[in-house]
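Add 123 to the 1-based position in the sequence shown for the numbering used here, that's all there is to it. Ideal placement from N, C-alpha and C gives every residue a C-beta, glycine not left out. Quick caveat: nothing in here was measured; it's all calculated off a predicted structure. Below is one structure; the comments refer to it alone.
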Amino acid sequence: LYTFDGFTNHGCEPNVLSVDGDDTPESLSYDMVAVRDIDIGEEILVDYATFEYECDGHQIDKCLCGSSKCRGNMRGFKHLTLDEKIEIIPHADFALVEKFVAETPNLSFVDYTHCLPGSIDVVQHGDEWEMVAAKPILAGELLFRNTSTVVTDEEFKFVVRLRDQVRLAVAGEHFLHREGYMEFLGFDSFMQHSCDPNVEQHYLSMTDYEIRARRGIELGETITWDCAALDNLFTGAKLLPVMSFTCRCGSDCCRGEIHA
């Protein structure tokens, strides 16, 4: 049973966010946090889809929030499009996310917020994520070891969370394709390409690998690899190119068109 805030209306572009607090067996605790400056007299709006998985009997068939981002109705998180779910997952109750993943075939959720190696960070640059050095790194130094996830279904997707950002990792963009299987590397799937990269990948088994510096890397410098040079030399499994793009790395040895 909500108290005074039970009268808070829904908005598809809300100005407050409901944040879980310390629950007890008798009560649910939460905070209402402003996501932007709110003027005196302005209506307080929250996105019901961030805490309602399915509105059972109290759905809004025609949303009148007036936002340019209005979704038209509010029937709960379950009924949003995949893109809409991805957009609000950073602000949604984790129980909703767990239920969404459990009910959605060919989907897995991974959160790297608290498990990045100490040598690197992943930051947002425009609409893209990129890996940067979290400390000065010497030539030949080990940045990290990681284990890839083997995937055999082209339709499989990973919902990847990093702090307050979420990305959808899909086969055509973020998996390494090999004969008979694919690999999802994880947080380093978002590493940027360069024809003159500052790191290189070395496989230790079919799925275990390490990333080492080819040269010295400064604090905050973007970490790059050659995404067309990711053969598994341990097993002999070749990288099968599935996409191409025009490289703009700017190095003297830039190859221009990349097939990876």
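The residue among His133, Pro213, Glu251 and Ala225 with its C-alpha nearest the C-alpha of Cys193 is His133. Looking at the DSSP output, Lys280 bridges to Leu230.
For Ile211, the secondary structure class from DSSP, reduced to helix, strand or coil, is helix.
DSSP places Glu296 outside any beta strand (DSSP E); the residue lies instead in the alpha helix (DSSP H), whose first and last residues are Ala294 to His297. Short of 7 angstroms from the beta carbon of Arg286, and not among the five residues preceding or following it, lie these beta carbons of its own chain, in chain order: Thr236.
His202 carries a helical assignment under DSSP once its states are collapsed to helix, strand and coil.
Segment contact: the stretch 288 to 298 against the stretch 353 to 361, fewer than three CB-CB distances shorter than 8 angstroms; contact not assigned.
Among the bridge pairs identified by DSSP, Ile334 is matched with Phe267 and Gln324. When beta bridges are read from the DSSP output, Ala172 appears opposite no residue. The criterion of a C-beta distance shorter than 9 angstroms is not satisfied by Val158 and Leu187.
In the displayed model, Val158 falls within coil according to three-state DSSP, outside both helix and strand. Here Cys376 is exposed, its C-beta having fewer than 16 other C-beta atoms within 10 Å.
If you check the CB distance, Glu165 and Gly199 do not come in under 9 angstroms.
Nearest to Glu302 by alpha-carbon distance, out of Ile243, Lys185, Ala360 and Glu210, is Ala360.
Of Ile212, Lys201 and Val245, the smallest CA-CA separation from Thr227 is found for Lys201. Non-local C-beta neighbours of Ala292 in its own chain, meaning closer than 7 angstroms and more than five positions away in sequence, comprise Lys280, Phe281, Val283, Phe307 and Ser312, ordered along the chain. According to DSSP, residue pairing for His382 in a beta bridge involves Ser367. For a cut-off of 8 angstroms, the C-beta gap from Phe223 to Lys208 is around 6 angstroms, short enough to register as a contact. In the DSSP assignment, His248 falls within the beta strand (DSSP E) that extends over Ile243 to His248. In this structure, Ser367 sits away from Asp319, with a CB-CB distance that is not shorter than 9 angstroms. Assigned with DSSP and collapsed to three states, Leu291 falls in strand.
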